[in-house]
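Down below is the structure, laid out as structure tokens.
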Amino acid sequence: MLNKIKLLTLLITAVLVASISSSAMAQGAQGAQEAKMSTEDRAKVIRLLNESNKQTLASIEGLSNEQLHFKAAPEKWSVLEVAEHIMMAEGLLFSQVEAAIAAKPNPDWQEKTKGKTEFLEKVMVSRDRKASAPESIVPSGKLTRDEVISGIKAARAKTLKFAETTDLPLKAHTAEHPFPVFNTLNAYQWLIYVPLHNIRHNQQIEEVKANPNFPKK
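If you want our numbering, it's the 1-based position in the sequence shown plus 277.
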């Protein structure tokens with residue numbers, strides 16, 4: 278009788294262990310899937326990458342040399358300098374995507390990055406609050422239009438290919454932003470940061486063009 282009780286206890290324990298293990302595996306699989314870009318996530322970032330890039334190129338390709346280099350004030354950037362900054366910033370921002378995915382998954386990624394995609398989409402495209410660019414991506418003003426266009430196209434092609442093809446759990450990997458207002462961002466948020474930053478500076482280009490002293494031709 279005692280042996281039967283022991284056997285029954287072992288069987289119940291085995292069933293419970295298997296059930297818990299199966300549940301944990303299911304939760305792990307669900308978490309891994311949630312960490313990947315959804316179909317909507319991917320479509321959004323690809324659309325923004327294409328649209329923002331198209332607008333940048335269109336905004337500089339038809340301008341004269343005088344228009345490209347016009348500055349509203351000595352300390353302000355010209356249209357071509359803004360475009361150069363867009364080019365330089367893309368390399369820096371994509372390196373943050375790479376740094377995030379090279380790091381171990383952040384077990385607290387959901388808590389640390391919750392709501393920040395929407396926050397980025399709101400604040401990055403607004404020109405109400407200005408920020409100073411890091412020294413490493415301040416434009417030199419020495420590049421030609423062709424050099425800037427070539428650099429923009431090359432950088433965007435790399436970012437776009439990654440966005441179109443990656444199947445990595447981007448949201449589980451994080452990297453810190455130097456601005457406290459953002460703090461921890463996941464790799465998807467760093468990725469969508471690229472076109473949002475681009476849109477912000479496309480608006481800056483339009484501000485330069487809207488200056489009453491901007492050359493007519």
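For every residue, glycine included, the Cβ atom is placed at its ideal position computed from N, Cα and C. Bear in mind the structure is a predicted one, so any value in this text is a computation, not a measurement.
Near residue i, which residues of its chain fall below 8 Å by C-beta distance, leaving aside the five closest residues on each side in sequence?
{"i": "E484", "result": "R404"}
{"i": "L420", "result": "L357, E361 and G428"}
{"i": "K494", "result": "S341, E343 and Q344"}
{"i": "P492", "result": "S341, E343, Q344 and F347"}
{"i": "T390", "result": "K448, T451, T461, L462, N463 and Q466"}
{"i": "E352", "result": "none"}
Apply the 10 Å Cβ neighbour rule to residue i and answer buried if 16 or more other Cβ atoms are within range, or exposed otherwise.
{"i": "R310", "result": "Note that residue 310 is Gln in the sequence shown here, rather than Arg. By the neighbour-count rule (16 or more Cβ atoms within 10 Å), Q310 is not buried but exposed."}
{"i": "N488", "result": "exposed"}
{"i": "N460", "result": "exposed"}
{"i": "N490", "result": "exposed"}
{"i": "P416", "result": "buried"}
{"i": "A380", "result": "exposed"}
{"i": "T316", "result": "exposed"}
{"i": "T394", "result": "buried"}
{"i": "A440", "result": "buried"}
{"i": "T442", "result": "exposed"}
{"i": "A377", "result": "buried"}
According to DSSP, is residue i part of a helix, a strand, or is it coil?
{"i": "N342", "result": "helix"}
{"i": "L370", "result": "helix"}
{"i": "A380", "result": "coil"}
{"i": "N535", "result": "Because the chain is modelled from 278 through 494, residue 535 falls outside the range shown and cannot be assessed."}
{"i": "L462", "result": "strand"}
{"i": "E352", "result": "coil"}
{"i": "T443", "result": "coil"}
{"i": "T451", "result": "strand"}
{"i": "M365", "result": "helix"}
{"i": "N488", "result": "coil"}
{"i": "T421", "result": "coil"}
{"i": "K435", "result": "helix"}
{"i": "F347", "result": "coil"}
{"i": "V359", "result": "helix"}
Thinking C-beta only, is residue j closer than 7 Å to residue i?
{"i": "M365", "j": "V425", "result": "no"}
{"i": "A452", "j": "P382", "result": "no"}
{"i": "V402", "j": "R477", "result": "yes"}
{"i": "Y465", "j": "M314", "result": "yes"}
{"i": "L325", "j": "P457", "result": "no"}
{"i": "S329", "j": "N475", "result": "yes"}
{"i": "A350", "j": "P446", "result": "no"}
Under 8 Å by Cβ, that's how I've got residue i and residue j pegged, so tell me the actual separation to the nearest angstrom.
{"i": "Q373", "j": "W467", "result": "4 Å"}
{"i": "F371", "j": "K435", "result": "7 Å"}
{"i": "I323", "j": "L437", "result": "7 Å"}
By Cβ distance, which residues of its chain are closer than 7 Å to residue i, with the 5 residues on each side in sequence left out?
{"i": "G368", "result": "A432"}
{"i": "I414", "result": "H362, M365, A366 and L369"}
{"i": "Q480", "result": "R404"}
{"i": "H272", "result": "There is no way to answer for residue 272, as the model of the chain reaches only from 278 to 494."}
{"i": "T333", "result": "A360, I363, I429, N475 and N479"}
{"i": "A301", "result": "No answer about A301 holds up, because its pLDDT of 40 lies below 50 and its placement is not dependable."}
{"i": "L397", "result": "Q466, I469, Y470 and L473"}
Tell me which same chain residues have a C-beta within less than 6 Å of the C-beta of residue i, skipping the five on either side of it?
{"i": "A303", "result": "Because A303 carries a pLDDT of 39, less than 50, the predicted location of this residue cannot be relied on, and no value is offered for it."}
{"i": "I482", "result": "S336, V356 and V359"}
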